[in-house]
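Trainee:
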Amino acid sequence: MNTLRLMILCCIMSLNACSKESDDKSPSAKNPDWERGRAVYVANCIACHNNDPSKDGPIGPALKGSPKELVQFRVLRTEYPPGYTPKRNTKIMPTFPFLKDEIPYLATYLGNGSTHQR
Numbered sequence: 060m061n062t063l064r065l066m067i068l069c070c071i072m073s074l075n076a077c078s079k080e081s082d083d084k085s086p087s088a089k090n091p092d093w094e095r096g097r098a099v100y101v102a103n104c105i106a107c108h109n110n111d112p113s114k115d116g117p118i119g120p121a122l123k124g125s126p127k128e129l130v131q132f133r134v135l136r137t138e139y140p141p142g143y144t145p146k147r148n149t150k151i152m153p154t155f156p157f158l159k160d161e162i163p164y165l166a167t168y169l170g171n172g173s174t175h176q177r
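In the numbering used here, the protein residues as written are 60 to 177.
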């Protein structure tokens, strides 16, 4: 009898949790551009950079807080913007010209897009 009550209670709690609107405060819950940027990052960057952009990766440095201009220069040209002092002066990173239209989303995810949620 107690097992049945426990099962019913668990079912009710599960259904209740499913029906509530998301209280998620993460940027992805508020900004689809952030989520798209995250998808671009995961698909193209984590082989060299860390899955967590605030941490150094096995080859590439942490990217969290990178200005949009830096992201654009590195992704499209493998160069640094004029006057920028790199964290690591490596020549390993390849170009990703197919990501040209994704730069704003990637910059949003990394924390410097115009629509970034804080």
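Don't be surprised by glycine CBs; every beta carbon is placed ideally from N, CA and C.
From a predicted model like this one, the values you see are computed outputs, not experimental measurements.
What did DSSP end up calling Lys89 once you bin it into helix, strand or coil?
Mentor: Lys89 falls in the helix class under three-state DSSP.
Trainee: Let me confirm a value: Gly170 is counted as buried when at least 16 other C-beta atoms fall within 10 Å, else exposed. Which label applies?
Mentor: Classification for Gly170: buried.
Trainee: Where does Pro180 sit, in a helix, a strand or coil, going by DSSP?
Mentor: Residue 180 lies beyond the range of the chain shown here (60 to 177); nothing can be said about it.
Trainee: Using 8 Å for Cβ pairs, my map puts Leu129 next to Pro120. What's the rounded Cβ distance?
Mentor: Rounded, the Cβ-Cβ distance is 11 Å, inconsistent with contact.
Trainee: Cα-Cα, which of Ala106, Tyr100, Pro156 and Gly124 is closest to Lys146?
Mentor: For the residues Ala106, Tyr100, Pro156 and Gly124, the minimum Cα distance to Lys146 belongs to Gly124.
Trainee: Taking just the CA atoms, how far does Lys89 sit from Ala106?
Mentor: For Ala106 and Lys89, the distance between alpha carbons rounds to 27 Å.
Trainee: Given a threshold of 16 other Cβ atoms within 10 Å of its Cβ, counted over all protein chains shown, does Val101 qualify as buried or as exposed?
Mentor: It counts as exposed.
Trainee: Alpha carbon to alpha carbon, what distance is there between Lys159 and Lys127?
Mentor: Rounded to whole angstroms, Lys127 to Lys159 spans 12 Å at the Cα level.
Trainee: Can you give the Cα-Cα distance for Glu138 and Ile118, rounded to whole angstroms?
Mentor: When rounded, the distance between both Cα atoms is 17 Å.
Trainee: Can you name, in chain order, every residue of its own chain whose Cβ lies under 7 Å from the Cβ of Tyr143, other than the five neighbours on each side?
Mentor: Excluding residues within five positions, the ones whose Cβ falls inside 7 Å are Leu129.
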